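Since the structure comes first, as structure tokens, the remarks are kept for the end.
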Amino acid sequence: MRRSTSNLVAGTSVIAVALALAAARVGHVASKESSMGREPTGQTGVANIRVSPSGYDITPLPPERVAALAATLDPEAYRVTQHAGTEPAFCGNLVDNHREGVYTCVVCGLPLFASEHKFDSGTGWPSFFRPLDGTHLVERIDRSHAMVRTEILCARCGAHLGHVFADGPRPTGQRYCVNSAALAFHEVGTPLPPESQPLALATAYFAAGCFWGVEYAFSLVPGVVDVASGYQNGHTANPTYREVCSDTTGHAEAVKVTFDPARVSYETLVRFFFEIHDPTTLNRQGPDVGSQYRSAIFTVDEGQRETALRVMAELSASGPFRGRRIVTAVEPAGPFWPAEEYHQDYIEKTGRACHIDIAAARRAAGIADP
Ligand SMILES: [Zn+2]
């Protein structure tokens, strides 16, 4: 499933509740394309935004942001979520709620549970047999009150929600016992606030020589969610590294950049691309020679194409390349074939360098050297 496709729809907030329910229905939604053979594993370790499999921003909020949000809560919600309180049984307003909709964190708005997983446990607290997305919760051993229980907290803001017990109904056998005061309910057909909607992510593709360093460099840019290495715009299907290296398949070593347009623009990514490699050497980057190492921007729509050509024209006229001609190709993006697993996160896994000047990339990304 292409995450970006679902998020185009999710922009319409009224149907976002239905979308969240659909995510709940399929359980853990796959976030990677599955139609392109090999699949790189999840997000790169250095990405600065955490996105859940169902497409929500679950990056932990800084304490000052949590404090500001918690300051707006009513006293009972504050006591329960910020001081691990428990509301009296049968007193919460959502115990007997049987309407169809989504339950979000009362503090930060992250969707946590869906009505179709709710059941009457008879305990006096809202009970669910599974969360909407397991990564939206954090579990922690709780030894308070002379018991050993598993506490559940919101993964994004750390709000105390309740506990989970192994005495629930089928199919999971789990009982997520949650305080009404820790939840906000949104009925199907009502608008969801922005903080309760999935991210509307976008995709960009760049080729700038050996993909190891290019992947690492883009992963440094704030607003980039994920970067994968692969092969693109050749004329064979599912190529291997060996085939691409033979310079006969037409593919370029490329990276697929998944980003949040609310945090970083496509134009910023294009300018970054021109900062981290030499776009004036035809079919060559550093010691690597061959068309697979060509400089290219593979665009997904007319807007990206216009932006890429405009930035290129600007850099050609005034830019830092001292009259040398920029030879970067701007072409419509063809299929992106993820590279073999050992190529993904290569710099991070091995600590090895390549033609990309990582220190310069860090500066271009606005990140101080460690
Ligand atoms: Zn929260």
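Per the numbering used here: the sequence shown = residues 28 to 397.
The beta carbon of each residue, even a glycine, is placed where N, CA and C say it ideally should be.
Everything numeric in this text was worked out from a predicted model, so none of it was measured.
What does residue i pair with, by DSSP beta-bridge criteria?
{"i": "residue 313", "result": "Answer is none; residue 313 lacks a bridge partner."}
{"i": "residue 376", "result": "Paired residue(s): none; residue 376 is not in a bridge."}
{"i": "residue 176", "result": "169"}
{"i": "residue 130", "result": "140, 212"}
What is the rounded straight-line gap between the Cα of residue i and the Cα of residue j?
{"i": "residue 83", "j": "residue 127", "result": "21 Å"}
{"i": "residue 352", "j": "residue 312", "result": "15 Å"}
{"i": "residue 236", "j": "residue 323", "result": "9 Å"}
{"i": "residue 201", "j": "residue 180", "result": "16 Å"}
{"i": "residue 291", "j": "residue 196", "result": "44 Å"}
{"i": "residue 37", "j": "residue 143", "result": "Legend: pLDDT at residue 37 = 32, less than 50; position of this residue unreliable, value from coordinates given subsequently. Whole-angstrom Cα-Cα distance: 20 Å."}
{"i": "residue 280", "j": "residue 360", "result": "13 Å"}
{"i": "residue 241", "j": "residue 296", "result": "12 Å"}
{"i": "residue 378", "j": "residue 231", "result": "25 Å"}
{"i": "residue 273", "j": "residue 255", "result": "21 Å"}
{"i": "residue 253", "j": "residue 77", "result": "9 Å"}
{"i": "residue 89", "j": "residue 385", "result": "27 Å"}
{"i": "residue 390", "j": "residue 135", "result": "32 Å"}
{"i": "residue 151", "j": "residue 121", "result": "10 Å"}
{"i": "residue 484", "j": "residue 98", "result": "In the structure as shown, the chain begins at 28 and stops at 397. Residue 484 is therefore absent and cannot be evaluated."}
{"i": "residue 370", "j": "residue 318", "result": "19 Å"}
What is the C-beta distance between residue i and residue j, in whole angstroms, given that I count them as a contact (C-beta under 8 Å)?
{"i": "residue 383", "j": "residue 193", "result": "Not confirmed; about 49 Å, so no contact."}
{"i": "residue 209", "j": "residue 133", "result": "6 Å"}
{"i": "residue 286", "j": "residue 250", "result": "6 Å"}
{"i": "residue 96", "j": "residue 184", "result": "7 Å"}
{"i": "residue 388", "j": "residue 288", "result": "No, residue 388 and residue 288 are not in contact; Cβ-Cβ is about 21 Å, not under 8 Å."}
Please classify residue i as buried or exposed, where buried requires at least 16 other C-beta atoms within 10 Å of its C-beta.
{"i": "residue 393", "result": "exposed"}
{"i": "residue 114", "result": "buried"}
{"i": "residue 207", "result": "buried"}
{"i": "residue 118", "result": "exposed"}
{"i": "residue 101", "result": "exposed"}
{"i": "residue 337", "result": "exposed"}
{"i": "residue 233", "result": "buried"}
{"i": "residue 123", "result": "exposed"}
{"i": "residue 300", "result": "buried"}
{"i": "residue 328", "result": "exposed"}
{"i": "residue 173", "result": "exposed"}
For residue i, collect the residues of the same chain with a Cβ closer than 6 Å to its Cβ; drop the 5 residues on either side in sequence, then sort them by chain order.
{"i": "residue 205", "result": "153, 188, 189"}
{"i": "residue 373", "result": "239"}
{"i": "residue 75", "result": "249"}
{"i": "residue 213", "result": "44, 128, 129, 219"}
{"i": "residue 348", "result": "307"}
{"i": "residue 302", "result": "391"}
Only counting the same chain, and skipping five residues up and downstream in sequence, which positions put a Cβ closer than 8 Å to that of residue i?
{"i": "residue 110", "result": "187"}
{"i": "residue 334", "result": "293, 294, 297"}
Using a Cβ-Cβ cutoff of less than 7 Å, which residues in the same chain neighbour residue i once the five nearest sequence positions on both sides are dropped?
{"i": "residue 355", "result": "306, 322, 323, 324, 339"}
{"i": "residue 316", "result": "310"}
{"i": "residue 158", "result": "139, 140, 164, 203"}
{"i": "residue 222", "result": "135, 136"}
{"i": "residue 168", "result": "175, 177"}
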